[in-house]
Every structure is written in C-alpha cells, then in structure tokens.
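Q: Here it is, the structure in full.
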Amino acid sequence: MRDTLTRAFGALAILLGLASFGLLAASVWGFRAGDWPWPRAYQVAGWGAGAAMAGVLVALAGLVSWAIRRRGGHALLLLGLMVSLPVSGAGIAFDWAARTTPPINDIATDITDPPVFWFTATPTDYPAENAVLQRAAYPAVRPLELPIGPDEAFAASRALVETRGWKMLSADPAEGQIEAIARSRLFGFEDEVAIRVTGTNTGAVIDMRSRSRLGQIDRGANARRIEAFLSDLAAHAPN
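Residues in the sequence shown are numbered from 10 upward in steps of one, following the numbering used here.
Listed below in structure tokens is the structure:
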C-alpha cells in the first residue's frame with residue numbers, strides 16, 4: 010500500500026539532495042569563473058551542505074515513519090538519502106578539518122631556515138608564530154634526505170612538479186630552488202610552493218614550503234601536499 014507521507018518525505022529528501030549538488034556546482038563555477046570572491050563561494054557551498062544535511066535528516070525521519078507504519082515508499086527515502094549523503098559528508102569533513110587542525114596556512118619542512126619565495130605574488134616570510142603550532146600538529150613534515158647528488162635531486166623534484174601539473178614559476182638549478190603554484194581539485198584555489206635542494210656530504214636534502222594564498226587556515230592541505238610530494242620523491246628518485 011502506498012503511503013503519501015513516506016513518499017513526501019522521500020521526494021523532499023531527493024529535492025534537497027539535488028539542490029545541494031546545484032549549490033555546490035554554482036559555488037565552484039562562480040569562483041573558477043572569477044565572478045565570486047572566495048567568501049561568497051564558501052557561503053554558497055555552505056548552503057549546499059546545509060541543504061544536503063537537511064535531506065539526510067528528512068530521509069531518516071521518513072525511514073523512521075516507514076518502519077512504524079510499514080507502508081510503501083521507502084525506495085524514494087533510500088534514494089533521497091543516497092543523493093544527500095555526498096555533499097553532507099563533504100561538509101562535515103570540511104568542518105571537522107577546520108576544528109581539528111591549527112589556524113595556520115603556511116607550512117615548511119625547515120621552520121628555522123624555511124625556503125623563501127621570490128617569484129610569487131606576495132613573497133612574505135614564513136610566520137615565526139606558526140612554528141610551535143606546526144611542530145605539534147604535523148611532526149611528520151620534515152626535510153627529505155636522499156643519497157643522490159643535488160643535481161639529480163633537483164631534476165627529480167622538477168620532474169615531479171611537472172608530473173603533478175603545477176604551474177612552474179621558477180626553476181633555478183644553480184640556486185637549487187623551484188617555485189610553483191598548485192591548485193586545489195575542486196575550487197582551484199591557488200597555493201604557493203617552494204622547493205629547495207641543498208647538497209650534503211652524503212647526498213642532498215630537499216626542503217619544501219607550501220602556503221595558501223586565500224584564507225587564514227588550510228585545514229591541513231599544505232602539510233598533506235608536502236608529505237605526499239616528498240613521499241613520492243623518495244619513492245621515485247634515482248638510487
């Protein structure tokens with residue numbers, strides 16, 4: 010037997026889920042097209058996350074109603090739940106990352122003598138106040154030592170930057186310095202990257218710095234970028 014109430018819950022959950030995708034797509038398009046500043050794009054994306062969470066709650070309420078009444082329409086509820094979960098899950102993960110990572114957006118492997126930016130839009134120094142917070146939150150962000158010469162290490166670093174599709178600003182083998190722009194996958198936010206290769210008695214040391222151009226927090230994105238890059242470099246650098 011059909012249950013009008015259950016079907017209404019399901020239809021509403023589906024509409025809210027679809028609206029969440031539409032709002033998220035609009036926020037991404039608005040920022041990437043250059044029409045919206047990032048606070049507005051974040052605001053619209055937040056509306057999308059809110060719509061998705063409402064869709065999840067409506068679907069769950071409908072499932073409770075269906076479990077009590079045991080009438081048809083639960084397929085719509087399950088569809089509404091599935092449509093609403095992706096954006097609501099992304100919103101929860103985004104908010105959780107903001108709450109559990111330090112309020113910094115500039116990360117370096119060497120916090121006493123960090124790599125410097127020369128060719129970026131705003132070449133500022135690494136903030137000294139970041140050091141304690143960074144050390145506590147990201148202890149794995151450390152320089153990479155390789156048992157190869159600095160020239161080989163520089164070439165491997167540059168090749169990996171190119172493989173990742175980052176926009177190269179400068180690559181100076183004489184200085185052992187690479188600067189590039191990395192973009193986030195969804196919104197295309199630009200983060201600045203500096204890589205420094207230094208020769209040692211046993212090979213080379215690679216230091217790296219990554220910072221966000223927008224906002225005051227990065228939700229761990231720069232630390233993850235550094236760890237992933239140096240891990241891949243260690244795995245693929247010549248022995």
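The beta-carbon is built from N, C-alpha and C at its ideal position, and this holds for glycine as well. Remember, predicted model here, so these are calculated numbers, not experimental data.
1. Pick helix, strand or coil for Leu178, following the three-state DSSP scheme.
2. Leaving out five residues before and five after Ile113 in sequence, what residues of the same chain have Cβ atoms less than 6 Å from its Cβ?
3. Per DSSP, which residues does Leu153 bridge with? Please list them.
4. Which stretch, first to last residue, makes up the alpha helix (DSSP H) that contains Arg234?
5. Where does Asp134 fall in DSSP's three states?
6. Going by DSSP in three states, Glu201 sits in which element: helix, strand or coil?
7. Which of the three DSSP states, helix, strand or coil, is assigned to Ala191?
8. Go ahead and label Ser93 buried or exposed: buried means 16 or more other beta carbons lie within 10 angstroms of its beta carbon, across all protein chains shown.
9. Give the secondary structure of Val206 by DSSP, where H, G and I count as helix, E and B as strand, and everything else as coil.
10. Check the C-beta distance from His83 over to Thr13 and give it rounded, since I have them as a contact under 8 Å.
11. Beta carbon of Gly57, beta carbon of Leu24: below 8 Å?
12. According to DSSP, is Ile116 part of a helix, a strand, or is it coil?
13. Here's the rule I'm using: 16 or more other beta-carbon atoms within 10 Å means buried, otherwise exposed. How should Gln186 be labelled?
14. For Asn210 and Asp160, I'd like the C-alpha separation in whole angstroms.
15. Which stretch, first to last residue, makes up the alpha helix (DSSP H) that contains Ala85?
16. Just list the residues that DSSP pairs Ser221 with in beta bridges.
17. Report the CB separation of Ala168 from Leu178 in whole angstroms; it is logged as a contact under 8 Å.
18. For Gly19, does the count of other Cβ atoms within 10 angstroms reach 16, so buried, or fall short, so exposed?
19. Using a threshold of 8 Å, state whether the C-beta atoms of Ala213 and Gly158 are closer than that.
20. Relative to the C-alpha of Ala108, which candidate in Gly98, Ile226, Arg233 has its C-alpha closest?
A: Per the coordinate set shown:
1. Here residue 178 refers to the residue found at position 169 when the sequence shown is read from its first residue. Strand, per DSSP.
2. Here residue 113 refers to the residue found at position 104 of the sequence shown. Result list for Ile113: Asn139, Leu142, in chain order.
3. Your numbering for residue 153 matches position 144 in the sequence shown. Leu153 is bridged to Ile215.
4. Residue numbering aside, residue 234 sits at position 225 when the sequence shown is read from its first letter. Arg234 -> alpha helix (DSSP H) spans 230-245.
5. Start at 1 with the first residue of the sequence shown, and residue 134 comes out as number 125. Correct three-state label for Asp134: coil.
6. One-based indexing of the sequence shown puts residue 201 at position 192. Reduced to three states, the DSSP call for Glu201 is strand.
7. In the sequence shown, counting from the first residue as 1, residue 191 sits at position 182. Three-state result, Ala191: strand.
8. In the sequence shown, residue 93 corresponds to position 84, counting from 1. It is buried - the Cβ of Ser93 has at least 16 other Cβ atoms within 10 Å.
9. As a position in the sequence shown, residue 206 is number 197, starting the count at 1. Strand, per DSSP.
10. The count along the sequence shown starts at 1 and reaches residue 83 at position 74. The count along the sequence shown starts at 1 and reaches residue 13 at position 4. Wrong, their Cβ atoms sit about 13 Å apart, outside the cutoff.
11. Taking the first residue of the sequence shown as 1, we reach residue 57 at position 48. Taking the first residue of the sequence shown as 1, we reach residue 24 at position 15. Result no, Cβ atoms of Gly57 and Leu24 do not sit closer than 8 Å.
12. Walking along the sequence shown from the start, residue 116 turns up at place 107. In the structure shown, Ile116 sits in a strand (DSSP, three-state: E or B).
13. Locating residue 186 in the sequence shown gives position 177, counting from the first residue. Gln186 comes out buried.
14. Within the sequence shown, residue 210 is the residue found at index 201, counting from 1. Within the sequence shown, residue 160 is the residue found at index 151, counting from 1. Approximately 14 Å between the Cα atoms of the pair.
15. Residue numbering aside, residue 85 sits at position 76 when the sequence shown is read from its first letter. For clarity, residue 85 is Leu in the given sequence; the question names Ala instead. Here the alpha helix (DSSP H) through Leu85 covers 83-109.
16. In the sequence shown, the residue the question calls residue 221 occupies position 212. Partner(s): Asp200.
17. Along the sequence shown, read from residue 1 onward, the residue named residue 168 stands at position 159. Along the sequence shown, read from residue 1 onward, the residue named residue 178 stands at position 169. About 16 Å separates the two Cβ atoms, so there is no contact after all.
18. Within the sequence shown, residue 19 is the residue found at index 10, counting from 1. Buried, because 16 or more other Cβ atoms sit within 10 Å of the Cβ of Gly19.
19. On the sequence shown, residue 213 is found 204 positions in, with the first residue counted as 1. On the sequence shown, residue 158 is found 149 positions in, with the first residue counted as 1. Closer than 8 Å, so yes.
20. Within the sequence shown, residue 108 is the residue found at index 99, counting from 1. The sequence as given places Arg at residue 108; Ala does not occur at that position. The shortest C-alpha separation from Arg108 is found at Ile226.
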